[in-house]
Amino acid sequence: MHIAEGVLSGPVMATGFAVAAVGVGIGLKKLDFEHIAETGILSATFFVASLVHVPIGPANVHLILNGIIGLLLGWTAFPAIAVALLLQAVFFQFGGLTSLGANTVIMALPAVICYYLFAPLIRKQGKVSAVAAFACGFLAVFFGTILLAGALYFSNENFFEVASIAASAHIPIMIIEGFITLFCVGFLKKVKPEMLR
Amino acid sequence: MRKQFIIILMVFAGWGLIGSTPAQAHRVSVFAWVEGNTIYTTAKFSGGRPAQESRVEVYDSQKKLLLEGKSDKKGAFSFPVPKVDDLLVVVEAGTGHRGSWQIKKAELKDASGSSNSNDSAAAEPTAAAPAQKSAPAVLTNAAATTTVSTAELEKVVEKVMARTLDQKLHPLKVMIAESLNPDPGFKDIMGGLGYILGLVGIAAYFQSRKRSADPKRNNNS
Chain A
1 MHIAEGVLSG PVMATGFAVA AVGVGIGLKK LDFEHIAETG ILSATFFVAS
51 LVHVPIGPAN VHLILNGIIG LLLGWTAFPA IAVALLLQAV FFQFGGLTSL
101 GANTVIMALP AVICYYLFAP LIRKQGKVSA VAAFACGFLA VFFGTILLAG
151 ALYFSNENFF EVASIAASAH IPIMIIEGFI TLFCVGFLKK VKPEMLR
Chain B
1 MRKQFIIILM VFAGWGLIGS TPAQAHRVSV FAWVEGNTIY TTAKFSGGRP
51 AQESRVEVYD SQKKLLLEGK SDKKGAFSFP VPKVDDLLVV VEAGTGHRGS
101 WQIKKAELKD ASGSSNSNDS AAAEPTAAAP AQKSAPAVLT NAAATTTVST
151 AELEKVVEKV MARTLDQKLH PLKVMIAESL NPDPGFKDIM GGLGYILGLV
201 GIAAYFQSRK RSADPKRNNN S
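Same order as they appear, the protein sequences are chains A and B. The first sequence runs 1 to 197 under the working numbering. The second sequence runs 1 to 221 under the working numbering.
Spelled out as structure tokens, the structure:
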């Protein structure tokens with residue numbers, strides 16, 4: 001899901017950085033003392049999650065975990081993911097510095113969207129909560145692939161082709177992340193329900 | 001309670017660390033080398049999966065596209081040296097994946113030199129001409145033959161050497177290409193986590209300053 005250096009066109013890069021900067025700004029503003037540790041831990045989780053490769057399907061895909069990160073952090077997912085992406089670009093050469101803004105938006109914006117869509121539902125009981133948790137993990141990745149296709153489309157590639165390739169390649173990840181989010185939510189509800197703000 | 005949550009995250013982190021060795025992430029690594037008059041390239045995702053049927057583009061130092069092609073099932077592609085210049089081989093593996101490899105001019109100079117001696121040994125007889133002219137006449141003279149054939153021998157040996165070396169080195173170069181696997185190592189992972197820890201510390205420091213400053217302000221006002 002990381003876009004490499006030199007793929008994106010100038011305007012897409014600039015838009016990516018602008019949107020990412022706004023997101024990071026809002027996130028940092030909302031970050032209070034109580035949630036610094038949590039944000040850091042989730043940022044670290046995102047940082048290493050990209051190393052967990054899922055050898056199913058045709059493409060090379062890895063965990064992203066933006067659904068659960070968005071659910072737990074809300075807007076703060078932006079700085080958490082931006083920092084992790086920057087470090088991935090520097091240490092792993094995943095993605096790139098010029099595409100950092102776009103990559104941040106591709107992964108953090110779905111996190112925030114899923115937070116608004118599913119956080120109220122997840123606070124409910126029983127099946128509604130479980131389905132919402134699964135959908136949160138699943139759709140966060142799906143929205144990411146759509147944004148990825150959009151970014152590549154405006155850099156001169158066929159939108160539907162890229163979107164269908166990216167989405168189908170990420171279907172195993174969507175399902176796995178759905179279950180991961182489901183289990184995390186189930187666990188947190190029992191152990192520390194106040195984390196699901 | 002919070003500890004348990006942290007433990008779960010640690011498990012994920014551990015999974016990442018352990019899984020990192022066979023993990024195939026999404027970096028495309030490109031390796032290109034020159035043999036004779038041909039440039040070979042291979043491209044793969046880190047972890048070793050070849051970048052199949054990816055677009056390969058070759059640029060010169062002015063960023064001008066010289067040629068393009070498609071990699072085969074093994075992620076390999078080869079083409080004749082298009083130009084003696086700093087060449088950039090770019091492999092686009094779709095959905096934002098891309099990698100590149102620079103071939104230095106010096107490498108190609110060597111290559112074109114050896115290939116010249118291959119191709120133009122016949123086409124470039126000007127330098128060797130005097131020696132050859134004298135060769136038939138001197139055939140009877142044993143001493144002269146040796147002097148003539150040393151010059152010629154040198155050329156022939158050089159040519160044969162270049163060819164055999166290319167042949168012998170080919171598997172070696174393929175091996176290097178295959179073993180080139182810049183997966184993130186333990187140091188990279190730990191380094192990144194260290195940075196995040198540091199940032200958490202910095203954020204906590206500033207927030208705590210804000211916090212300790214607030215009550216004072218309240219007291220003063």
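Note that beta-carbon positions come from the ideal geometry of N, C-alpha and C, so glycine has one too. Source: prediction; values computed, not measured.
Look at residue i and residue j and say whether their C-beta atoms are less than 8 Å apart.
i: Leu-33 (chain A); j: Arg-27 (chain B); result: It should be pointed out that residue 33 (chain A) corresponds to Phe in this sequence rather than to Leu. Cβ atoms of Phe-33 (chain A) and Arg-27 (chain B): not closer than 8 Å.
i: Phe-94 (chain A); j: Ser-50 (chain A); result: yes
i: Leu-193 (chain B); j: Phe-78 (chain A); result: no
i: Leu-42 (chain A); j: Ala-80 (chain A); result: yes
i: Gly-185 (chain B); j: His-2 (chain A); result: no
i: Leu-152 (chain A); j: Leu-109 (chain A); result: no
i: Ser-99 (chain A); j: Ala-4 (chain A); result: yes
i: Gly-16 (chain A); j: Val-105 (chain A); result: yes
i: Ile-103 (chain B); j: Ala-204 (chain B); result: no
i: Leu-66 (chain B); j: Pro-80 (chain B); result: no
In the DSSP assignment, find the unbroken beta strand (DSSP E) run with residue i in it and report its ends.
i: Phe-31 (chain B); result: 28–35
i: Pro-120 (chain A); result: It is not in any beta strand (DSSP E) - Pro-120 (chain A) instead sits in the alpha helix (DSSP H) that spans 100–122.
i: Glu-68 (chain B); result: 65–70
i: Leu-87 (chain B); result: 87–94
i: Phe-79 (chain B); result: 76–80
i: Ile-103 (chain B); result: 97–103
Quick check on residue i: does DSSP put it in helix, strand or coil?
i: Phe-143 (chain A); result: helix
i: Ile-64 (chain A); result: coil
i: Ser-9 (chain A); result: coil
i: Val-90 (chain A); result: helix
i: Arg-163 (chain B); result: helix
i: Ile-202 (chain B); result: helix
i: Met-195 (chain A); result: helix
i: Gly-170 (chain B); result: Residue 170 (chain B) is actually His in this sequence, not Gly. His-170 (chain B): helix per DSSP, three-state reduction.
i: Lys-44 (chain B); result: strand
i: Ala-213 (chain B); result: helix
i: Glu-57 (chain B); result: strand
i: Val-128 (chain A); result: helix
i: Ala-20 (chain A); result: helix
Quick check on this structure: which residue in the options has the alpha carbon closest to the alpha carbon of residue i?
i: Cys-136 (chain A); options: A:Ala-166, A:Leu-72, A:Ile-165; result: A:Leu-72
i: Lys-74 (chain B); options: B:Tyr-195, B:Pro-50, B:Arg-209, B:Gly-94; result: B:Pro-50
i: Lys-187 (chain B); options: A:Gln-88, A:Glu-161, A:Leu-97; result: A:Gln-88
i: Val-61 (chain A); options: A:Ile-173, A:Phe-17, A:Glu-194, A:Pro-110; result: A:Ile-173
i: Phe-134 (chain A); options: A:Ala-108, A:Tyr-153, A:Leu-65, A:Val-191; result: A:Leu-65
i: Phe-159 (chain A); options: B:Glu-57, B:Leu-65, B:Leu-67, B:Gly-94; result: B:Gly-94
i: Glu-107 (chain B); options: B:Leu-88, B:Gly-99, B:Ile-202; result: B:Leu-88
i: Glu-35 (chain B); options: B:Tyr-195, B:Leu-197, B:Val-56, B:Lys-173; result: B:Lys-173
In the DSSP assignment, the alpha helix (DSSP H) including residue i goes from what residue to what residue?
i: Lys-190 (chain A); result: 171–191
i: Ser-61 (chain B); result: Counting along the chain, Ser-61 (chain B) falls outside any alpha helix (DSSP H), and DSSP gives it neither H nor E.
i: Ala-37 (chain A); result: 36–49
Ignore the nearest five residues each way along the sequence and tell me which others in residue i's own chain have a CB closer than 6 Å to its CB.
i: Glu-38 (chain A); result: none
i: Thr-181 (chain A); result: Gly-67, Ile-68, Ala-133, Cys-136, Gly-137
i: His-53 (chain A); result: His-62
i: Gly-27 (chain A); result: Trp-75, Thr-76, Phe-78, Pro-79
Can you list, in chain order, the residues of its chain with a C-beta nearer than 8 Å to that of residue i? Leave out the 5 residues immediately preceding and following it.
i: Ser-100 (chain B); result: Val-30, Leu-88, Val-89, Val-90, Val-91
Starting from the C-beta of residue i, find all residues in its chain whose C-beta is less than 7 Å away, skip the five residues before and the five after it, and write them out in chain order.
i: Cys-114 (chain A); result: Gly-67, Gly-70, Leu-71, Cys-136, Leu-139, Ala-140
i: Val-128 (chain A); result: Leu-121
For chain D, is any of its Cβ atoms less than 8 Å away from the one on residue i?
i: Ile-146 (chain A); result: Within the model displayed, chain D is absent; protein chains A and B are what it includes.
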